[in-house]
Amino acid sequence: MSTIESAAAPESLLAAPDQLTQAAMTQEIIDVHAAAQAREEAGEHVAMTLHDYPPYRSSILRHPTKNLRLVDPETIELFSPAFGQRDVAAIEADLTLQHTGEPQGERITVQGRLLDSWGRPVANQLIEVWQANAAGRYIHQRDQHPAPLDPNFTGAGRMVTNDDGEYKFTTIKPGPYPWKNHVNAWRPAHIHFSVFGPGFTQRIITQMYFPGDPLFALDPIYNSIPRQKDRDRLIGAYNHDLTVPEFSMGYEWDIVVDGPDATWFEPEGEH
Ligand SMILES: [Fe+2]
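Below you can see the structure in the form of structure tokens.
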């Protein structure tokens, strides 16, 4: 390890010497996509998400190794908590108002609809979001990389969809951040979403990305979805009609909770 590399980041942030370079990781991603495409062209069903996906190193021990078990949603829902309109205050949908001062960064508004596979709105459902700050830093004890915390930004909010399945929140555009999947690994900027579908057992977690991010081709998590058309559904669209004059840049992102048009959801993960 050279002195220059040591100066760039604390040792604890550097990947172990036996980890892959980005170039090798990118090639591994390309190879996995090509293999998935070949299987599909041979008539095999290829899932929207590759759960057994070696490029995302920490997922190897977390993904399901046995068949999923069906549960009876009616029984489950008798014992689950229920979120109603009264539980969530309107101010929780503005992540820029949680402290005494304004957070640093590019203010954005994100708006979209929660839909089922028939295109019907999913109304009155809780949506939770969490994200890094503009410098790419989370308020989390495991995130110790040398980017500043923002005393005016926590990075978590929630809202309830309206009768048309619409949600909207105001925040700061998150920055990209490093992680230890491989040498010099960086996540594209993203916002984490937790949503509930029509049933309470349909809690699902996903990430929204931003258009034109140069890190897309490099990121194993984004690329755990084999088809480009499915990956495209994770990218919010810039919409100038949603941009608030002299206030915030507007992005639009619809979430589909099941069926062939479903947004990809991750089985588990914090990155
Ligand atoms: Fe993240």
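Counting from 1 along the sequence shown, just add 257 to a position and that's the residue number in our numbering. From the three backbone atoms N, C-alpha and C, an ideal C-beta is built for every residue, glycine too.
For residue i, the nearest candidate out of the options (CA to CA)
i: residue 306; options: 482, 326, 510 and 494; result: 482
i: residue 290; options: 433, 475 and 355; result: 475
i: residue 404; options: 375, 361 and 427; result: 361
i: residue 345; options: 510, 416, 436 and 508; result: 416
i: residue 513; options: 423, 473, 495 and 433; result: 423
i: residue 413; options: 370, 447 and 436; result: 447
i: residue 314; options: 398, 332 and 285; result: 285
i: residue 421; options: 494, 382 and 437; result: 382
i: residue 364; options: 515, 510, 302 and 506; result: 506
i: residue 393; options: 436, 418 and 322; result: 436
i: residue 419; options: 276, 460 and 384; result: 384
i: residue 472; options: 300, 510, 511 and 432; result: 432
i: residue 477; options: 464, 503 and 444; result: 444
i: residue 331; options: 316, 400, 459 and 389; result: 459
Per DSSP, the bridge partner or partners of residue i
i: residue 388; result: 448
i: residue 369; result: 424
i: residue 453; result: 460
i: residue 285; result: In the DSSP output, where bridge partners are listed per residue, residue 285 has none listed.
i: residue 303; result: BP columns for residue 303 are empty, so no partner.
Neighbourhood of residue i by C-beta distance below 6 angstroms, restricted to the same chain and skipping five residues each side
i: residue 356; result: 409
i: residue 278; result: 440
i: residue 264; result: Caution is warranted here: a pLDDT of 45 is assigned to residue 264, below 50, making its placement in the model unreliable, and no coordinate value can be reported.
i: residue 351; result: 427
i: residue 442; result: 436
Supposed contact pair residue j and residue i - C-beta distance, whole angstroms, cut 8 angstroms
i: residue 371; j: residue 452; result: 6 angstroms
i: residue 312; j: residue 480; result: 7 angstroms
Cβ neighbours of residue i in the same chain (closer than 7 angstroms, five flanking residues each side left out)
i: residue 309; result: 320
i: residue 303; result: 293, 296, 297 and 483
Proximal residues to residue i (C-beta, below 8 angstroms), its chain only, five neighbours per side dropped
i: residue 283; result: 474 and 475
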